[in-house]
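Report on one structure; see the data block that follows.
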Amino acid sequence: MELTLCLIKPDAVRRDLTGSILFMIQKAGLKVVALKMVRLDLNQAQGFYHVHRERPFFGELTEYMASGPIVAVVLAGDNAIKRYRELMGATDPTQADEGTIRKVFALSKQENSVHGSDAPETAAFEISYFFNAMEMVG
Ligand code: IDP
Ligand code: MG
34 MELTLCLIKP DAVRRDLTGS ILFMIQKAGL KVVALKMVRL DLNQAQGFYH VHRERPFFGE
94 LTEYMASGPI VAVVLAGDNA IKRYRELMGA TDPTQADEGT IRKVFALSKQ ENSVHGSDAP
154 ETAAFEISYF FNAMEMVG
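In terms of the numbering used here, the sequence shown is residues 34 to 171.
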């Protein structure tokens, strides 16, 4: 059993796609073990994406992530990190496979509707960024 962090990003929450995205995730067999809606301020968005701080899109990305509420979700399952990344699709929705969340919902490479952890170490950091132990069910 593995854990991964999903974020439903501001573009998707704004368009009332939270339920549709959670439906796709649950239909794929990933289990929701923690969930909350939050609004990050700019500092919090910068902290979450600190690995990208040298990238040219860092300023725009963090402003976008702080532009409205997001939904943070911890997903559990066998091989959950890889399975959820496959379900999300490529970062750029024009490159994403048919049937993936980003292919169906994303607006652009930046406003791509969802985040997913990419490795066990990043998943541990990202989950702890949003949730404490009491907020996660077993
Ligand atoms: P990922 O979300 O598919 O793991 P990353 O490379 O980790 O992609 O980038 C983090 C986020 O930064 C992306 O989901 C997207 O919102 C944004 N991003 C990545 N590359 C670009 C870009 O070239 N232009 C604008 N935004 C980008
Ligand atoms: Mg990433």
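We put the CB at the ideal spot given by N, CA and C, even for glycine.
What does DSSP give as the partner residues of K23 in its beta bridges? Here the chain comprises residues numbered 34 to 171, so residue 23 is not present and cannot be evaluated.
In the DSSP assignment, what are the bridge partners of M169? Working through the sequence shown from its first residue, we reach residue 169 at position 136. The partner list for M169 (beta bridge, DSSP) is empty, contrary to what the question assumes.
8 Å Cβ cutoff met for R135 and G122: Stepping through the sequence shown from its first residue, residue 135 is reached at position 102. Stepping through the sequence shown from its first residue, residue 122 is reached at position 89. Against a cut-off of 8 Å, the Cβ pair of G122 and R135 comes out as a contact.
Three-way DSSP call (helix, strand, coil) for L73 in this model: Counting from 1 along the sequence shown, the entry for residue 73 is found at position 40. Annotated three-state conformation of L73 is coil, per DSSP.
Ends of the alpha helix (DSSP H) at T37? In the sequence shown, the residue the question calls residue 37 occupies position 4. Boundaries for T37: no alpha helix (DSSP H) harbours it, while the beta strand (DSSP E) harbouring it runs E35 to I41, taken from the DSSP string.
Coarse secondary structure for G149, derived from DSSP in three states: Numbered from 1 along the sequence shown, position 116 holds the residue referred to as residue 149. In this structure, G149 counts as strand in the three-state DSSP scheme.
How should F90 be labelled, buried or exposed, when 16 other C-beta atoms within 10 angstroms of its C-beta is the threshold for buried? Your numbering for residue 90 matches position 57 in the sequence shown. Flag for F90 reads exposed.
Under 8 Å, do G101 and M34 count as touching if we go by C-beta distance? By one-based count along the sequence shown, residue 101 stands at place 68. By one-based count along the sequence shown, residue 34 stands at place 1. By the CB criterion at 8 Å, G101 and M34 fall outside the cutoff.
So does the region 150-166 actually touch the region 43-55, counting three or more Cβ pairs closer than 8 Å? Contact check between the region 150-166 and the region 43-55: fewer than three CB pairs, one atom from each, fall below 8 Å, which does not count as touching.
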